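K.L.:
Okay, here's the structure, questions in a sec.
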Ligand SMILES: Nc1ncnc2c1ncn2[C@@H]1O[C@H](COP(=O)(O)OP(=O)(O)OP(=O)(O)O)[C@@H](O)[C@H]1O
Ligand SMILES: Nc1ncnc2c1ncn2[C@@H]1O[C@H](COP(=O)(O)OP(=O)(O)OP(=O)(O)O)[C@@H](O)[C@H]1O
Ligand SMILES: [Mg+2]
Ligand SMILES: [Mg+2]
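Protein chains in written order, with this note's numbering: chain A, 8 to 315; chain B, 34 to 305; chain C, 2 to 441; chain D, 83 to 438; chain E, 83 to 438.
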């Protein structure tokens with residue numbers, strides 16, 4: 008029976024077939040030449056100023072006043088000040104809410120939902136929905152801020168008109184909710200597009216074999232879709248978290264108010280650095296934001312890489 | 034069958050809610066510019082063209098749109114060109130430390146968009162004689178956008194089959210020829226997407242042009258938009274809404290053209 | 002350094018002048034005035050003197066904070082226009098940072114011997130003075146009063162020539178207005194959302210009315226009784242339902258309160274003359290009131306009780322204003338100063354007022370003539386300016402101001418005035434460098 | 083186990099492609115049924131409509147007495163193997179095999195035991211902990227089979243399950259699959275575009291073209307008596323010679339040569355009628371010497387088929403293929419004669435077989 | 083046109099996979115040479131190393147007298163067809179075909195004329211304006227051929243160019259390609275894992291395993307006298323029967339039956355020696371009645387091969403396959419006898435052919 012019931016293992020293990028990745032025969036030297044212009048620009052206009060910011064973070068540099076004329080290195084003073092400042096902690100916590108609520112939950116989930124719902128639709132409906140979502144993303148932020156101020160205005164706002172509320176001050180009573188929803192509105196397009204591309208990569212046969220086994224929609228998502236788009240989820244979360252962390256547009260809706268109730272870190276930095284002129288302190292907070300971003304990035308990479 | 038019907042109803046409701054959510058804020062932009070004395074209320078406009086008239090007569094409004102165009106197109110071209118070359122090389126040749134480098138740059142790029150970076154960037158521009166120069170601004174803006182652009186484009190590059198390039202190579206094409214003849218056309222949707230993304234980014238950027246350009250004649254619309262206030266900082270809704278509309282139209286048109294011509298889509302997914 | 006002297010014959014001297022004003026946008030009138038009148042006239046006058054001077058206007062039109070940021074960066078790196086406008090309150094910090102220099106140092110004795118100085122009241126001159134040296138010329142000033150809506154007052158049975166003598170009278174009027182169903186009887190700026198407006202149109206006039214000053218003789222005022230009194234008034238207004246705390250928290254709340262005043266929903270509003278000129282101005286205000294002159298009443302801000310205000314006054318006010326100065330990096334400081342002085346010459350000031358934007362100038366000689374047609378501005382220049390006070394022009398003031406705003410915000414939010422004052426003192430210690438700099 | 087019955091099954095895709103056109107088909111319980119046809123003829127559509135992955139536009143699907151036309155795929159009790167196997171890359175072999183049981187909420191230990199049992203049966207014992215990415219194509223294919231077997235479904239549907247294997251493996255897998263199906267006795271529908279596969283494996287087969295079934299029968303029937311020129315050209319490891327000809331009394335004039343009328347068409351042709359003469363290369367004997375009733379020409383191509391050669395003759399500009407057994411191969415350029423077997427040659431009129 | 087010579091060619095991939103191991107090979111000018119072997123044996127690597135897409139770790143590549151080991155792919159004057167054809171999706175057929183000429187800076191009109199000429203030769207006239215996406219698989223394959231022809235290279239390298247076509251098309255394309263190569267006379271290296279393809283098309287062929295060439299020869303040589311059990315098992319449309327046996331004087335004991343020593347091994351076996359007895363199903367006659375020198379057992383599987391059947395017999399638990407011609411098929415479960423042809427049976431000792 009040996010021959011008929013078991014095929015010979017002609018190939019035990021096949022390592023990934025890669026051949027040479029360098030299909031065009033660039034070679035390291037030319038690859039270096041190709042990357043050089045971009046890296047040079049980045050080095051001068053990104054890395055250098057960024058390091059400068061890190062340096063400013065350990066000085067008492069101010070926009071005006073004596074400290075502007077003669078800034079001094081104060082070591083980790085700024086960081087200690089920040090850590091002792093309840094506003095900083097307030098802002099940090101609000102930022103966590105903001106990122107988690109608007110990016111990780113809001114944009115990512117809504118973007119995925121739209122991509123999923125429209126996944127095998129073609130034609131005008133899909134184009135319209137996608138177009139409008141993308142519109143919200145590409146409009147300039149100054150314009151968008153006005154649209155939302157108009158939308159949320161307690162007296163004349165469209166939202167209250169639609170909901171039949173009078174004098175409900177969204178930006179005052181629910182500032183975080185407002186900017187979170189605003190940011191979802193603003194940024195969902197990116198997630199939507201990314202997931203739309205990702206869903207195109209899920210082999211239909213995998214979904215179908217799950218369906219044949221009787222898997223529900225949710226089971227299909229869990230067992231088939233998610234494992235396939237893990238990499239996209241990672242890219243998406245990484246980028247939108249990063250962007251949202253540094254997003255300044257809430258300022259244009261609430262200016263951090265009322266009473267710092269929506270003062271996310273980016274706004275906090277602005278308030279400290281520009282309104283207050285404490286550039287050194289602002290730079291220190293930027294450094295802290297960078298560190299938080301780093302932690303978040305490493306966390307995502309760990310999380311999504313751990314189970315292959 | 035009921036399941037099917039329920040599914041349809043659910044789908045339609047969801048789409049309707051989504052459309053409402055995403056269009057509601059936009060209504061104001063459609064109505065206010067055409068209204069004589071706009072407030073924050075969305076109402077049926079009285080279709081006056083007066084506001085447009087005022088904007089057309091505004092000394093800086095239209096030129097600023099042109100400046101925006103110069104800045105954003107310039108930046109987009111530079112970003113796309115440099116990012117494409119870099120992303121291609123990074124995708125095809127395993128330079129040491131490539132992944133770490135990309136992540137670090139991505140993180141640093143977030144610091145550079147923050148307000149704290151304005152002093153170094155300003156000082157840098159002064160020292161490099163790039164102050165009040167649109168070209169200098171383009172360089173600075175590109176520096177901030179490049180890491181994310183490379184990051185996203187690399188995914189596009191990774192996803193293209195290598196046999197095209199190999200085939201061209203066997204025919205004797207040089208690497209640059211391969212990039213021009215084969216790679217660029219293949220990743221064109223990606224390039225278009227990155228271009229739109231760059232344009233949208235620059236189009237809305239206020240702080241850098243404001244700080245680095247001295248001459249109003251060189252200022253882009255984002256800065257001019259901020260000047261449409263009164264002495265006490267009150268919004269001039271007539272001008273703001275109208276200019277806001279004019280200011281939005283070019284990016285929207287650009288998006289429509291690009292999405293029609295090249296398809297507008299993302300790749301992505303960090304290779305594990 | 003060689004181009005410093007003004008005598009270079011034949012060479013064209015290029016000057017630039019910068020303001021936070023722009024045609025078609027913020028402060029459009031000022032921008033147009035510079036471009037259309039000052040520049041040609043000045044160039045003409047110079048030509049008559051045999052100098053070929055070209056002047057260029059550098060407009061801006063953004064938030065004051067952003068303007069300040071850009072200006073600071075410019076000045077720090079030796080850039081910027083030759084003649085620049087700054088807010089009076091920035092003088093100290095700019096001077097400390099070395100961004101601006103005493104005029105006499107830059108320009109020479111001409112600066113101190115400028116004939117305009119005699120026309121400028123001492124108090125107004127103080128705004129441009131830091132550590133005894135004059136750093137700039139004052140461009141204008143203003144004052145704060147209590148506005149009230151006459152039709153609304155009539156409804157509540159209050160007089161059209163209302164002039165309260167104490168805070169209690171203000172509160173009484175508020176109570177009547179409330180009883181008459183006025184939605185927002187009294188609106189006094191509070192909270193951080195308004196920024197400096199809260200200080201200037203809120204806590205500072207009240208502090209002055211209670212006999213206090215933020216800084217006196219180099220010492221900062223902590224949790225003093227005047228501060229507690231001022232915060233107490235906030236508590237009475239916003240805790241007692243006389244004001245709408247919501248309007249204070251909104252980033253656009255100030256605009257909204259203007260709008261509501263124009264619509265007859267606000268009874269009493271503490272504001273500067275800008276309100277009269279720019280907001281309810283029937284011509285081009287943002288909340289036009291066609292019947293402004295008939296409907297809008299104004300009264301001096303009373304002390305807590307007669308004679309209990311600063312300097313023992315019965316009434317108080319606060320003033321601010323802009324300064325105009327010469328960039329220390331200017332290649333032609335003398336000509337720049339000439340331009341500067343030219344913009345503040347009586348002819349220029351009068352000319353500027355011609356296009357309708359009459360405002361209180363620093364010069365008494367001009368004011369007399371110019372403001373005659375405008376009752377409120379005359380009232381300001383004659384009744385208010387003598388009583389008024391200025392903020393301390395020192396570098397840490399903006400931070401102190403924020404701390405004050407936070408204190409008002411806390412009170413409106415329900416904190417007791419005592420607690421808020423104590424918190425303020427704690428913050429103040431951090432800002433001004435220890436308890437040693439605070440008067441107990 | 084159950085029979086499958088399709089009645090008037092029609093599938094029109096949005097956009098108007100009529101992929102299945104009122105198709106009737108009965109597949110008895112336990113049969114190994116192959117669906118054969120060129121690319122785009124609707125094979126996959128048919129299979130997917132049986133599985134419920136596509137909703138039929140018209141007609142009905144009955145599986146074991148039960149009309150399942152409106153039933154969701156999960157409720158039809160069929161199992162399917164896809165061309166790419168659709169193994170979940172993030173699950174190991176055990177989890178892949180046990181997946182359908184997991185969906186059915188079978189307890190973990192039970193389903194692992196079942197997976198181990200099925201896996202062992204297919205010789206996967208030592209691979210149960212691997213991920214699909216660590217398996218060879220043949221191994222993957224067996225895991226896919228194991229997953230299907232674990233469902234204990236009423237019917238198996240296979241969509242070109244062998245086409246991703248390399249040629250050698252494909253041959254082995256086909257013997258393996260055939261034997262397995264025989265042992266399990268589950269009704270099986272097998273889609274392929276490889277006629278050799280269909281012939282070798284099927285109990286019965288259908289040849290499809292453009293949404294229609296052109297012939298149903300056992301492999302021998304389909305091979306020996308293709309019902310029309312389409313099937314004739316499609317079946318056979320070397321295509322049938324289909325040559326234009328004219329009937330002249332008792333003989334046919336084909337490519338300038340005279341041939342006797344094939345047995346099957348005797349007496350059925352009118353004089354002067356235009357026909358197509360069909361003979362498989364396998365039934366075309368090669369002669370190096372002039373022969374009667376033969377097609378004579380020059381050898382232009384020789385292809386080695388292993389124990390025999392396929393010879394292509396140029397007969398008056400018409401290409402005619404014949405098989406030469408080992409040892410008698412001509413050289414290219416030689417003169418040669420193809421002698422059709424009269425009992426195996428066929429005649430087509432208007433594309434349809436002429437037969438008594 | 084040029085000969086290709088490989089001397090001690092070695093390729094070790096980073097990571098340590100030794101894909102080619104000191105390989106020597108000479109392909110004379112104008113030959114159609116097939117490289118055959120199971121997946122992963124190094125065929126593609128060999129081809130790519132000839133093309134210069136991989137740099138050899140050791141040894142050298144000589145094309146037409148010229149040592150090109152260090153030369154860039156573009157300078158080797160070879161042309162390659164990839165499995166996926168690698169037609170540029172953004173160019174129309176004309177531009178695709180003319181691309182190599184564009185690289186060589188040929189004037190636009192000249193290269194378009196050339197493209198039109200080559201296209202016409204391959205029957206692509208009416209498709210010249212289409213994009214690859216608008217072509218069927220077979221048409222794409224011809225465009226890829228046309229592009230290669232337009233280069234007028236010294237040698238053609240094909241990497242499984244037929245494996246993306248469906249079964250029927252593959253048969254046609256193979257005849258077409260063979261004919262084309264014969265007409266052009268360009269040295270051609272053709273990689274495939276399908277032994278039937280290699281047998282049918284090649285002038286000579288090499289069978290590879292794990293980076294080594296296991297046998298080189300004409301298709302007939304390789305088919306009839308595989309040099310080792312690996313080649314024996316790999317070649318043939320049905321795998322050769324390879325049965326363990328022991329020599330006993332003049333007979334071999336295989337699967338419990340006694341068989342005569344094959345002609346080729348006569349006198350070369352020691353008594354009691356363990357050997358492997360190999361006979362192809364094609365050379366295994368089937369008898370329904372007991373026969374001498376035969377392997378007797380029960381019929382377990384029957385596979386229709388068209389004009390014949392492959393019968394699998396269970397001979398004392400050893401599977402033995404034989405071919406039965408049409409009309410004499412047994413039923414499953416019947417008793418049957420496989421009678422090896424003594425002159426075609428082979429004996430392997432330690433995996434290598436025993437031959438005089
Ligand atoms: N870039 C690479 N890096 C490491 N190993 C590789 C690379 N490319 C191929 N290999 C390995 O080299 C060996 C030969 O691979 P090759 O692709 O040449 O085989 P092949 O005979 O063409 O197989 P197939 O028939 O599957 O195409 C295999 O073990 C393969 O895994
Ligand atoms: N989702 C779809 N929408 C529209 N047309 C489709 C769709 N799927 C298949 N078709 C069309 O239906 C016809 C039958 O397709 P089907 O996939 O069933 O063919 P097939 O016989 O399986 O082909 P292949 O051998 O290439 O797999 C084809 O013309 C195809 O283009
Ligand atoms: Mg199919
Ligand atoms: Mg290969």
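Every residue, glycine too, gets a C-beta built ideally from N, C-alpha and C.
Model, not experiment: these values are computed from the prediction.
1. Less than 9 Å between CB atoms is the rule here; does residue 74 (chain C) satisfy it with respect to chain B?
2. My output table needs one value for residue 68 (chain A): the three-state DSSP class, helix, strand or coil.
3. Please list the terminal residues of the continuous beta strand (DSSP E) segment that includes residue 239 (chain B).
4. By DSSP's criteria, residue 398 (chain C) is part of a beta bridge. Which residues make up the other side?
5. Answer yes or no: the CB of residue 165 (chain E) versus the heavy atoms of ligand 4, is any distance below 8 Å?
6. Return the chain-ordered ranges of every alpha helix (DSSP H) run that is complete within the region 152-206 of chain C and spans a minimum of 4 residues.
7. Under 9 Å between beta-carbons, which chain G residues line up against residue 127 (chain A)? List them in chain order, please.
8. Spatial neighbours of residue 97 (chain E) within its chain, please: CB distance less than 8 Å, with the 5 preceding and 5 following residues excluded, ordered by chain position.
9. Taking Cβ positions only, does residue 304 (chain A) come closer than 9 Å to chain C?
10. Using beta carbons (cut-off 9 Å, strictly below), is residue 289 (chain C) in contact with chain A?
11. Pair every Cβ in the region 187-203 of chain A with every Cβ in the region 107-123 of chain A, then say whether three or more of these pairs are closer than 8 Å.
12. Put residue 401 (chain E) into one of helix, strand or coil per three-state DSSP.
13. If I measure Cβ to Cβ from residue 394 (chain E) and keep anything under 6 Å in the same chain, skipping five residues before and after, which residues do I get?
14. What is the DSSP secondary structure of residue 9 (chain C), reduced to helix, strand or coil?
15. What does the alpha-carbon distance come out to for the pair residue 425 (chain C) and residue 385 (chain C)?
16. If you draw a straight line from the alpha carbon of residue 377 (chain D) to that of residue 396 (chain D), how long is it in whole angstroms?
17. Report the start-end ranges of each alpha helix (DSSP H) in the region 246-317 of chain D that is 4 residues or longer and not cut off at the edges.
18. What residue from E:322, E:135, E:139 and E:277 has the CA that sits closest to residue 104 (chain E)'s CA?
19. Would you kindly work out how many angstroms separate the C-alpha atoms of residue 117 (chain B) and residue 55 (chain C), rounded to a whole number?
20. What's the C-alpha gap between residue 169 (chain A) and residue 218 (chain B)?
21. Please say whether residue 275 (chain D) and residue 118 (chain D) have beta carbons closer to each other than 9 Å?
P.N.:
Answer, in terms of the structure:
1. Yes - at least one Cβ of chain B is within 9 Å of the one on residue 74 (chain C).
2. The answer is coil: DSSP assigns residue 68 (chain A) none of H, G, I, E or B.
3. Where residue 239 (chain B) is concerned, there is no enclosing beta strand (DSSP E), given that its DSSP letter is neither H nor E.
4. In the DSSP assignment, residue 398 (chain C) forms no beta bridge with any residue.
5. It does: the Cβ of residue 165 (chain E) is within 8 Å (strictly closer) of some heavy atom of ligand 4.
6. Here the runs fully enclosed are 168-180.
7. No chain G is present in this structure, whose protein chains are A, B, C, D and E.
8. There are no such residues.
9. The C-beta of residue 304 (chain A) comes no closer than 9 Å to any C-beta of chain C.
10. For residue 289 (chain C), the closest Cβ of chain A is not nearer than 9 Å.
11. With a cut-off of 8 Å on Cβ pairs, the region 187-203 of chain A is in contact with the region 107-123 of chain A, counting three or more such pairs.
12. Strand.
13. Counting only Cβ-Cβ distances below 6 Å, and skipping sequence neighbours, we find 382, 383, 401 and 403.
14. Only weak support is given to the placement of residue 9 (chain C): the predicted model assigns it a pLDDT of 44, under 50, and the value that follows is read from those uncertain coordinates. Of the three classes helix, strand and coil, the one that applies to residue 9 (chain C) here is coil, per DSSP.
15. Between the alpha carbons of residue 425 (chain C) and residue 385 (chain C) lies a gap of roughly 29 Å.
16. Their backbone Cα atoms lie some 9 Å apart in a straight line.
17. The region 246-317 of chain D contains these whole alpha helix (DSSP H) runs: 249-266, 277-283, 301-306 and 311-316.
18. For the residues E:322, E:135, E:139 and E:277, the minimum Cα distance to residue 104 (chain E) belongs to E:139.
19. Residue 55 (chain C) has its alpha-carbon roughly 47 Å from the corresponding atom of residue 117 (chain B).
20. Approximately 47 Å between the Cα atoms of the pair.
21. If you check the CB distance, residue 118 (chain D) and residue 275 (chain D) come in under 9 Å.
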